[in-house]
Each structure stands twice: as structure tokens, then as C-alpha cells.
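Residue numbers (the working numbering): 5 to 277.
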């Protein structure tokens with residue numbers, strides 16, 4: 005069977021994708037904006053896992069609620085049931101780790117925090133904001149606050165041979181943080197291009213809709229997983245109402261960049277090279 009030029013182009017593009025992107029494009033999730041948003045919400049339920057590992061868990065069992073390793077369950081007074089089915093996640097500098105859903109364990113009741121980790125919504129630890137800025141500066145990204153017009157939350161630009169992020173100093177801490185995450189997302193997804201010191205791909209020529217969905221998805225994941233509600237959810241919900249199918253986003257980039265930016269707000273951040 006002969007393929008059309010459009011089909012040949014699509015296949016060529018698929019072959020360039022990372023394995024996870026190819027899997028995502030072949031899944032039912034890619035064909036539905038609503039299912040994609042549901043997937044992001046699932047990933048947000050597991051802040052102790054990296055976004056990448058949360059997605060791996062979802063692929064294996066979308067019905068899980070709380071997952072831990074056997075050792076972590078024992079610390080909570082619970083034990084893995086005989087012949088329980090493990091879920092596989094990745095670990096740094098190692099092969100894999102097995103985790104189990106609470107439904108596959110017996111023992112003491114869990115504290116409420118483990119069942120509803122976001123009982124309090126909207127509080128941001130100052131340290132996370134300033135540590136993210138500090139780590140951005142360490143990798144050569146200048147972040148500064150300025151008194152701007154109320155209609156401008158901030159922006160990122162390339163000047164004097166480096167990337168620079170400007171934030172509106174009159175905004176609340178939560179708003180400044182979400183803006184910072186959004187601009188970092190555009191940078192690390194390659195939406196501004198790259199230079200000789202960049203570890204990310206050049207993706208500046210993407211359609212604007214792809215850039216915005218990737219940026220808003222990352223902002224939604226990073227902020228929501230630490231308990232912050234932002235306008236990213238509204239943007240994604242609005243997009244779902246207007247578009248049934250997603251454009252050709254890179255879900256691999258969304259997961260990896262989300263995890264990287266999350267680490268920038270912690271003491272254990274290690275820059276990529």
C-alpha cells in the first residue's frame with residue numbers, strides 16, 4: 005500500500021521521537037485533550053514520585069492511590085500482601101525499584117496526610133522560591149525582579165550571551181513562582197533555542213500552541229504537586245473545551261523538564277551537563 009506524502013512525513017517525524025513520545029503518540033491519551041488533562045491530574049497525585057515515574061505507574065495501573073516500596077510501607081506499619089503485583093519505577097544510578105499500591109498491603113490505617121497530601125492549597129515555602137532562583141543563577145540563568153506594569157507577570161529573553169528572566173516584583177510570591185516555572189519551562193523545552201552551553205534540544209520553530217501547552221503543562225505539574233493552584237489549570241481546561249485533540253507536543257520533554265525544575269527548588273539539585 006502506498007502512503008500519502010502526509011503519512012510519510014508523519015512516520016518520519018515519529019521515528020525521530022524518543023521512545024516515550026512514540027508510546028504517548030500511539031496511546032489513546034494523545035487522541036483526547038481531556039484524557040491528557042486527566043493524566044496530568046493523575047501525576048499530580050504522587051508528589052513523592054518524579055513526574056516520569058508517576059507516568060510509569062499510571063501506565064501499569066491507573067487505579068492506584070498511594071504507592072510505596074516495601075520498606076516504606078513497613079515504616080508505616082503496613083506489609084505487602086503475598087503475591088501482590090509490583091509496579092516498576094526508575095531510580096537514579098540504579099536499575100529499577102518495585103513499589104506497591106496501598107490496596108496490595110495490610111496493616112495500620114494511614115495518616116490523613118498520605119491520603120490527602122494537598123489538604124491545604126495555596127501555601128508556598130519561601131525557601132523553594134529563592135532556592136529555585138539561586139540554582140538558576142548557578143547554571144547561568146539570571147533571575148531578577150523589577151517593578152512592572154500589572155499586566156506583565158514576567159518574561160524571559162536572551163541577552164549579553166545568557167538567558168535572563170525578569171519577574172514582576174509587585175506580584176505575590178505564588179504568582180512570581182508560577183511565572184518563574186513557566187519561563188523556565190519554555191527555556192528547557194527549547195522554545196527559545198539554545199546556545200553552546202545548553203543541554204536541551206533546539207525547538208524554537210514549533211507552533212505557538214505546542215509551546216504554550218508544554219509550558220502550561222509543566223507549570224501545572226510543578227506548582228500543583230507542591231500544593232499551588234495556578235491559572236495553568238484554567239488554560240488547559242479552556243484548551244480542552246476548544247480542541248478535542250492535542251497538537252504534536254513532546255510528553256517526554258514535559259515529564260523530564262518538570263522533574264528537573266522540581267529539583268531546582270531543593271537542596272539536592274544537580275545541574276545537567
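The beta carbon of each residue, even a glycine, is placed where N, CA and C say it ideally should be.
Non-local beta-carbon contacts of residue 62 in its own chain, meaning distances under 6 Å to residues more than five positions away in sequence, involve 46 in chain order. In summary, residue 130 is exposed, with fewer than 16 beta-carbon neighbours lying within 10 Å of its beta-carbon over all protein chains present. In this structure the segment 60-79 does not lie against the segment 223-243, because fewer than three pairs of beta carbons, one per stretch, are closer than 8 Å. Within the segment 49-94, the complete beta strand (DSSP E) segments of 3 residues or longer fall at 82-84, 91-94, listed in chain order.
Cβ-Cβ distances below 7 Å link residue 83 to 77, 109, 110, 111 in the same chain, with the five nearest sequence neighbours on each side left out; the list follows chain order.
In this structure, residue 40 keeps its C-beta atom at 9 Å or more from the C-beta atom of residue 260. Pairing residue 115 with residue 263 gives a Cβ-Cβ distance that is not under 9 Å. According to DSSP, residue 170 shares a beta bridge with 148, 159.
Look at the beta carbons and you see the segment 206-213 not touching the segment 156-167: under three pairs across the two are nearer than 8 Å. Boundaries of the alpha helix (DSSP H) harbouring residue 219: 212-228, taken from the DSSP string. In the DSSP assignment, residue 192 falls within the unbroken alpha helix (DSSP H) covering 177-192.
Straight across, the Cα-Cα distance linking residue 48 with residue 227 is about 9 Å. Contact check for residue 190 against residue 149 fails: the beta carbons are separated by 9 Å or more. Remark: C-beta atoms of residue 60 and residue 94 approach each other more closely than 9 Å. Taking C-beta separations shorter than 6 Å and ignoring five residues to either side along the sequence, the partners of residue 38 in its chain run 244, following chain order.
Taking 9 Å as the cut-off, the beta carbon of residue 136 is found no closer than this to the beta carbon of residue 171.
Rounded to whole angstroms, residue 276 and residue 143 show a C-alpha spacing of 9 Å. If you look at residue 264, you'll find it in the alpha helix (DSSP H) that goes 255-268. Of the candidates 156, 102, 201, 156 places its Cα closest to the Cα of residue 183. Exclusion of the five residues before and after residue 88 leaves 104, 108 as the residues of its chain whose Cβ lies within less than 7 Å of its Cβ. In the structure shown, residue 239 adopts helical secondary structure according to DSSP, grouped into three states. Between residue 168 and residue 147, the C-beta spacing is below 9 Å.
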